[in-house]
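*Asks:* Here the numbering used here is used: the first residue of the sequence shown is 49, the next is one more, and so on. Each residue gets a CB set at the ideal place from its N, CA and C atoms; glycine is no exception. Dropping a structure here in structure tokens format, bear with me for questions.
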Amino acid sequence: MIPDNNKSKLILILVIILAIAIVFFGYAISVNNSNNSNGVIANVDNAITINQSYPDGPTAEAKIDSSNVKSKLLGSNDLGTVELLGPFGNTNSDIKIAYSIGMHPLESKVHKALFDTVNSKSNSLNYCYYIYKINVTNYDTDDEGRMDG
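Take a look at the structure:
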């Protein structure tokens, strides 16, 4: 079991990573839209359509299959795992963006959409992206794990 002070440090690190990702994502959007005063993304050639339908509420159908991408197991214990996926996109970019996914079952569908989008658009992304995939597994009955974490 992870000591409380280490849990606090892990949570702080994840919050910082998420905040940095939000800042870089916002910056990327503002740069891409700098010539577009109404805030609409002008480049629809890069848009993808996600035609996946899920039931309301958390669902195991939205689990992420990362078996076909480069990954590194960063940590594992009786509570679960943390895996680093990527890099995706332009690995030569000075801008590195990190996303954390897998923390809460109510967010599972948007996390899957994010992963699928970054993975499918990897060859056309301007920046370098990493995804931290968190899988909380302490209770077998919590299908997507977050109820424990």
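#1: If you drop the 5 nearest sequence neighbours on each side, which residues of the same chain put their C-beta closer than 6 Å to that of L62?
#2: Would you mind sorting F120 into buried or exposed? The rule is 16 or more other CB atoms within 10 Å of its CB.
#3: For S119, does the three-state DSSP call read helix, strand or coil?
#4: Just reading off the beta strand (DSSP E) that S156 is part of, what are its end residues?
#5: Do I145 and Y175 have their beta-carbon atoms positioned less than 8 Å apart in this structure?
#6: For Y178 versus L132, is the C-beta spacing smaller than 8 Å?
#7: Short of 7 Å in beta carbon distance, which residues of its chain neighbour N138, apart from the five on each side in sequence? Order them along the chain.
#8: Using DSSP bridges, identify the partner residues of K181.
#9: What distance in whole Å lies between the Cβ atoms of V117 and N183, which are believed to be in contact at a cut-off of 8 Å?
#10: Does the distance from the CB of K157 to the CB of A110 come in under 8 Å?
#11: How many angstroms separate the CA atom of D142 from the CA atom of N54?
*Replies:* Quick look at the numbers:
#1: So the list reads S148, once near-sequence residues are dropped.
#2: Strictly speaking, residue 120 in this sequence is Lys, with Phe absent from that position. When all chains shown are included, K120 counts as exposed.
#3: The DSSP-derived three-state label of S119 is strand.
#4: Here S156 belongs to no beta strand (DSSP E); instead the alpha helix (DSSP H) covers 156 to 168.
#5: The beta carbons of Y175 and I145 sit closer together than 8 Å.
#6: Closer than 8 Å, so yes.
#7: Cβ within range, chain order: L173, N174, Y175, C176.
#8: Per DSSP, E131, I149.
#9: Going by Cβ atoms, the distance from N183 to V117 rounds to 15 Å, so no, they are not a contact pair.
#10: Contact flag set, yes.
#11: Spanning the two alpha carbons is a distance of roughly 31 Å.
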